[in-house]
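Chains as they are written, first to last, in this note's numbering: chain A, 81 to 134; chain B, 28 to 424. Quick notes on the structure that follows.
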């Protein structure tokens, strides 16, 4: 599972940790996060995230 | 007024003594919009001022060097309190190139007619030689907007820190050792709480990066310049980024016919019995600016509102909206309030807002139908004692 970075603020979504504060359990792939989820830092949507290539 | 930071580096900004509203932040002490001029083989201006004061900025620059000699204008942050003067400044300096990062360029193009500007887009870590000195650029997203950036001059150990370490504070002096430190730190705390409290994590990361730099002087874009008390402001920021609790309780309330106020007073009495610092704010008499400044370092908070029209008091709703946007962390408390016939709104709505803010709810909300009985008031006192005891566990500093 790949990490994603918020293009607006630089916050990184790590699927290993998820985003429990927003109900995204650890182990959730970015692709499986609901479409209405927002960046916990700056509030933009999934569209503003880019995959981090290894 | 001493305006010289280092030989050849001067403050050329504007002191705004009269501003009292900064998009909702009540700036009782005014503010400054700090611009700086570096004179070297190439001359650079670091940031501009609010649009109405650009003529003063231009005047201050012209007193030190001809406008034609300005080679670069660096924009660290696109917010109009700094960028508003850019159109006027770029027009006045015909040979200047605007230096900023890509996100900042996009933002500036969405604010102003930039069609005549020359640009140099820089990336994180890029350097720009001015001759004897170098500008090094460090991206600091969300400190305070996505495009925010620091500019660092390694030869002078000087950091232009944008909004970080700033204060909305107009004064006759430009440096941190020319005025009482506690006054300046209070303004820095109010600024942090009201402007960037929600960005504790990126600020913490930025602090880690700044710690790798040799810094003798920090020149923020608002308020005084730090040259003697860097250690103190860094230590303060270490606490701010985690909203570090002190043994302090806040009772915050709105009231209609004083029933909720009586409950608030009883909670305050209980907290005071514990010997912790206890503060008491009615949203009608204390501005949200002061309230969130105090919330930043409190340990516990009781928030109360009566039910009005099946909802809560609008002034309290406004304060809760402001506070929840600023996302204070590491707080605990409970809700309270009176009601007439409907239990909707009031304490229930307050508790809901507190949960959304991730404030630890220490007990069920306290409610009083109409005027509180002595029994309810004693419950309030007991809850106040509980808040006081909870707050006592934290160290004073």
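Even for Gly, the Cβ is constructed at its ideal location relative to N, Cα and C. Because the structure is a prediction, the values reported are computed rather than measured.
Bounds of the alpha helix (DSSP H) holding residue 292/B are 286 to 300. Assignment of residue 86/A by DSSP, reduced to helix, strand and coil, places it in the strand class. Between the segment 287 to 296 of chain B and the segment 264 to 273 of chain B there are fewer than three inter-stretch CB-CB distances shorter than 8 Å, so the stretches are not counted as touching. Contiguous alpha helix (DSSP H) elements confined to the segment 245 to 275 of chain B occur at 257 to 267, taking only those with 4 or more residues.
DSSP places residue 348/B in the uninterrupted alpha helix (DSSP H) bounded by 341 to 353. Around the beta carbon of residue 81/A, fewer than 16 other beta carbons sit within 10 angstroms, so the residue counts as exposed. Residues of chain B whose Cβ lies closer than 8 Å to the Cβ of residue 122/A are, in chain order, 169 and 173. Close to chain B, meaning a Cβ-Cβ distance shorter than 7 Å, are the following residues of the segment 83 to 100 of chain A: 88, 89 and 90. Contact of residue 137/B with chain A is not assigned, every C-beta pair being separated by 9 Å or more.
As for any beta strand (DSSP E) of minimum length 3 sitting wholly inside the segment 129 to 167 of chain B, the runs are 145 to 148, 154 to 156 and 161 to 166, ordered along the chain. In its chain, beyond the 5 residues on either side, 351 have a beta carbon closer than 7 Å to the beta carbon of residue 383/B.
In this structure, residue 188/B and residue 246/B form a Cβ contact; the two beta carbons are roughly 7 Å apart against a cut-off of 8 Å. For residue 395/B, DSSP records a beta bridge to 365/B. Those residues of the segment 216 to 234 of chain B placed with their C-beta closer than 8 Å to a C-beta in chain A are 226, 228 and 229, ordered along the chain. The Cβ neighbour count for residue 402/B, taken over all protein chains shown within 10 Å, is under 16; the residue is labelled exposed. Rounded to the nearest angstrom, the gap between the Cα atoms of residue 88/A and residue 168/B is 8 Å. When DSSP states are grouped into helix, strand and coil, residue 316/B belongs to the helix group.
Using a Cβ-Cβ cut-off of 9 Å, residue 309/B does not count as an interface residue toward chain A, since no Cβ of chain A sits closer than that to its own. In the structure shown, the three-state DSSP call for residue 242/B is coil. Take residue 323/B, set aside five residues on each side of it, and the residues of its chain with a beta-carbon closer than 6 Å to its own are 220 and 270, in chain order. The beta-carbon separation of residue 386/B and residue 318/B, rounded to 14 Å, does not stay under the 8 Å limit for a contact.
Put simply, of 36/B, 360/B, 70/B and 281/B the residue whose alpha carbon is nearest the alpha carbon of residue 158/B is 70/B.
Rounded to whole angstroms, the separation of the alpha carbons of residue 255/B and residue 294/B is 42 Å.
Between residue 42/B and residue 185/B, the gap from beta carbon to beta carbon reaches 9 Å or more. In this structure, the beta-carbon distance from residue 175/B to residue 104/B falls below 9 Å. Residue 251/B is positioned such that its CB atom lies no closer than 9 Å to that of residue 308/B. For residue 33/B, the closest C-alpha among the options 406/B, 66/B and 282/B is that of 66/B. Sequence-distant Cβ neighbours of residue 127/B in its own chain, meaning closer than 6 Å and more than five residues away, are 102.
Rounded to whole angstroms, the separation of the alpha carbons of residue 49/B and residue 55/B is 10 Å.
Excluding sequence positions up to five before and after residue 208/B, its CB lies within less than 8 Å of the CB of 256 and 259, all in the same chain and listed in chain order.
Per DSSP, the unbroken beta strand (DSSP E) holding residue 185/B starts and ends at 185 to 189.
Contact with chain A is absent for residue 382/B, since none of that chain's Cβ atoms lies less than 9 Å from the residue's Cβ. At the C-beta level, residue 248/B and residue 60/B come within 9 Å of one another. At a cut-off of 9 Å between C-beta atoms, residue 385/B counts as an interface residue with respect to chain A.
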